Amino acid sequence: MAHAAQTAYSGLSIAGYISQAIANFRENLATRKLYLDTINELQSLDDRDLADIGISRGQIEDIARAHAYGA
Numbered sequence: 001m002a003h004a005a006q007t008a009y010s011g012l013s014i015a016g017y018i019s020q021a022i023a024n025f026r027e028n029l030a031t032r033k034l035y036l037d038t039i040n041e042l043q044s045l046d047d048r049d050l051a052d053i054g055i056s057r058g059q060i061e062d063i064a065r066a067h068a069y070g071a
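Position 55, counted from 1, in the sequence shown is what UniProt numbering calls 55; the numbers after and before it change by one each time, with no gaps.
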């Protein structure tokens, strides 16, 4: 029995592929920046301010991740 390799063709030219890769990279950078900015903003608050909004310091990274990545 012979096996043939199947290759999926996305329909993109090499220029389209590179353009899409650059767009994805920029989107990932923007998402990462949002994540880091959220962490920095929350870390700049004192413990009382964090308590007022119902957040502990241990939750900051989880909240920033959920905010940026929608997790």
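By construction, the Cβ of each residue, glycine as well, lies at the ideal position given by its N, Cα and C atoms. Note that the coordinates shown come from a computational prediction; the quantities given were computed from them, not determined experimentally.
Just measuring C-alpha positions, the residue of Ile39, Glu27, Ala23, Ser19 sitting nearest glycine 58 is Ile39.
Linking arginine 48 to arginine 26 through their CA atoms gives a straight-line distance of about 36 Å. Taking leucine 34 as the centre and dropping the five residues before and after it, the same chain places the C-beta of Ala68 closer than 6 Å to its C-beta, in chain order.
Here DSSP, grouped into helix, strand and coil, assigns serine 44 to coil.
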